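Enquirer:
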Amino acid sequence: MALLNRTITGPEHGGVLDPIVTQFLKEIEAQNAPPLETLPLAEARQGCKGNILPNGRELESLAKVEDRIIKRDGGSFSVRLYIPEGEGPFPVLIYYHGGGWVLCGVDTHESATCSLANVTQCIVAAVEYRLAPEHKFPIPAEDAYSALQWVYENAADFEGDPKRIAVGGDSAGGNLSTVMCLMTRDRKGPAICHQLLIYPVTDLSSFDRRSYSEYAKGFFLTRAMMVWFRDCYLWDEADRKNIYASPLLAEDLSGLPPAHFVMAEFDPLFDEGEAYAERLIEAGVSVKFSQYNGLIHGFINRGSVIPHAKQAIKEAAAELRKAFDSLG
512 MALLNRTITG
522 PEHGGVLDPI
532 VTQFLKEIEA
542 QNAPPLETLP
552 LAEARQGCKG
562 NILPNGRELE
572 SLAKVEDRII
582 KRDGGSFSVR
592 LYIPEGEGPF
602 PVLIYYHGGG
612 WVLCGVDTHE
622 SATCSLANVT
632 QCIVAAVEYR
642 LAPEHKFPIP
652 AEDAYSALQW
662 VYENAADFEG
672 DPKRIAVGGD
682 SAGGNLSTVM
692 CLMTRDRKGP
702 AICHQLLIYP
712 VTDLSSFDRR
722 SYSEYAKGFF
732 LTRAMMVWFR
742 DCYLWDEADR
752 KNIYASPLLA
762 EDLSGLPPAH
772 FVMAEFDPLF
782 DEGEAYAERL
792 IEAGVSVKFS
802 QYNGLIHGFI
812 NRGSVIPHAK
822 QAIKEAAAEL
832 RKAFDSLG
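Under the working numbering, think of the first position of the sequence shown as 512, with each following residue one higher.
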């Protein structure tokens, strides 16, 4: 087993929820709302926005914010470009939002993406990929790849540098980021210099790991929600084992770009993120593993109330700048 070198933030030995997180979870419990996965789809989507947007709408100023449309296979989706102050060409981070491939969108994640653009001094291209269950696998993944190709081919039109492209995302978006690295390697597509993986989903074939058992409910993201997300996203059992849905199952992870993991201790996804990091190291990929003890899934979008979220953004930006600077 590869030796995983961790950077730990919070209590060194873990096991204790951050007081701010504890209060947040109490507030959610007091709402006595029905489980998200039991709601009609439209209501679930609206509830997701309501849980995220009130704490994340103090957006940082940027030089420009532009929406572009990408057409693919008779459909279309958008990419929102967050362009910082300064003189380009800027490196580009393509960001895929979380929400189980079913919920959320570019708007719900603007707090993090705006901060990443400013702190990193890069363009963030946030992808509004089409959502399941209306658009099941592999459509969101193929939208994500089309966005990568579009950024590479059109970067000069928005002050971007096509030679310095990274991918990143949280949760389901972290999954899409891992998949983009595999896809572009396998298809000999645009080069990716770095992958920012914020509590990524890496294995949809099994929910039997320790973290799924210990944090099955009561810590914001639940096991039942993940089952619902998976059933909305994938068609069948075969899809669960497809490496472009479950990258942890890929036999060969060599030749992938350096990865920075941002993981929350009290997260059902912790163990599969850890397992993927180990697999990358074994394949010779450079890995930084940042473990945030006391925190839960989704913390990156709550910078206005969870101080460690801003620290995680700064740490992610430092790793991105290092990757971009290595390319000149």
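Using N, Cα and C, we set each Cβ at its ideal position, and we do this for glycine too.
Being a predicted model, the structure only gives us computed values, none of them experimental.
Mapping DSSP to helix, strand and coil, what is G679?
Expert: Here residue 679 corresponds to residue number 168 of the sequence shown, with the count starting at 1. The answer is strand: DSSP assigns G679 an E or B state.
Enquirer: What does L708 pair with, by DSSP beta-bridge criteria?
Expert: Along the sequence shown, read from residue 1 onward, the residue named residue 708 stands at position 197. Paired residue(s): G680 and F772.
Enquirer: Taking a contact to mean a Cβ-Cβ separation below 8 Å, would you say E776 touches G805 in this structure?
Expert: The residue labelled residue 776 in the question sits at position 265 within the sequence shown. The residue labelled residue 805 in the question sits at position 294 within the sequence shown. In this structure, G805 lies closer than 8 Å to E776 by Cβ.
Enquirer: Can you have a look at R468 and say buried or exposed, based on whether 16 or more other CB atoms are within 10 angstroms of its CB?
Expert: No answer is possible for residue 468: it lies beyond the span of the chain, which begins at 512 and ends at 839.
Enquirer: Anyone know if the C-beta pair for I676 and V773 falls short of 8 Å?
Expert: The count along the sequence shown starts at 1 and reaches residue 676 at position 165. The count along the sequence shown starts at 1 and reaches residue 773 at position 262. Going by C-beta atoms, I676 is not nearer than 8 Å to V773.
Enquirer: Once DSSP output is grouped into helix, strand and coil, what is the label at P673?
Expert: Translated into the one-based positions of the sequence shown, residue 673 becomes position 162. Strand, per DSSP.
Enquirer: At the level of alpha carbons, what is the spacing between E670 and Q802?
Expert: The sequence position of residue 670 within the sequence shown is 159, counting from 1. The sequence position of residue 802 within the sequence shown is 291, counting from 1. Between E670 and Q802, the C-alpha separation is close to 34 Å.
Enquirer: DSSP three-state call for G632: helix, strand or coil?
Expert: By 1-based counting over the sequence shown, the position of residue 632 is 121. Looking at the sequence shown, residue 632 is not Gly but Gln. Here Q632 sits in coil by DSSP.
Enquirer: Determine the DSSP secondary structure at T730, reduced to helix, strand or coil.
Expert: Here residue 730 is taken as the residue at index 219 of the sequence shown, counted from 1. At residue 730 the sequence reads Phe, which differs from the Thr that was named. Here F730 sits in coil by DSSP.
Enquirer: To the nearest angstrom, how far is it from the Cα of A820 to the Cα of G585?
Expert: Taking the sequence shown and counting its residues from 1, the one referred to as residue 820 is at position 309. Taking the sequence shown and counting its residues from 1, the one referred to as residue 585 is at position 74. The straight-line gap from Cα to Cα measures roughly 39 Å.
Enquirer: If you measure between the beta carbons of V635 and Y607, is that distance less than 8 Å?
Expert: Along the sequence shown, read from residue 1 onward, the residue named residue 635 stands at position 124. Along the sequence shown, read from residue 1 onward, the residue named residue 607 stands at position 96. No, they are not a contact pair.
Enquirer: Based on the DSSP output, what are the partners of D578 in its beta bridges?
Expert: Mapped onto the sequence shown, residue 578 falls at position 67. Looking at the DSSP assignment, D578 forms a beta bridge with R591.
Enquirer: Among the candidates G597, K560, K582 and G558, whose CA atom is the shortest distance from the CA of A574?
Expert: Position 63 of the sequence shown, counting from 1, holds the residue named residue 574. For the residues G597, K560, K582 and G558, the minimum Cα distance to A574 belongs to G597.
Enquirer: With distances taken from CA atoms, which of R751, S626, M737 and P600 is nearest F835?
Expert: One-based indexing of the sequence shown puts residue 835 at position 324. When each option's Cα is compared against that of F835, the closest is P600.
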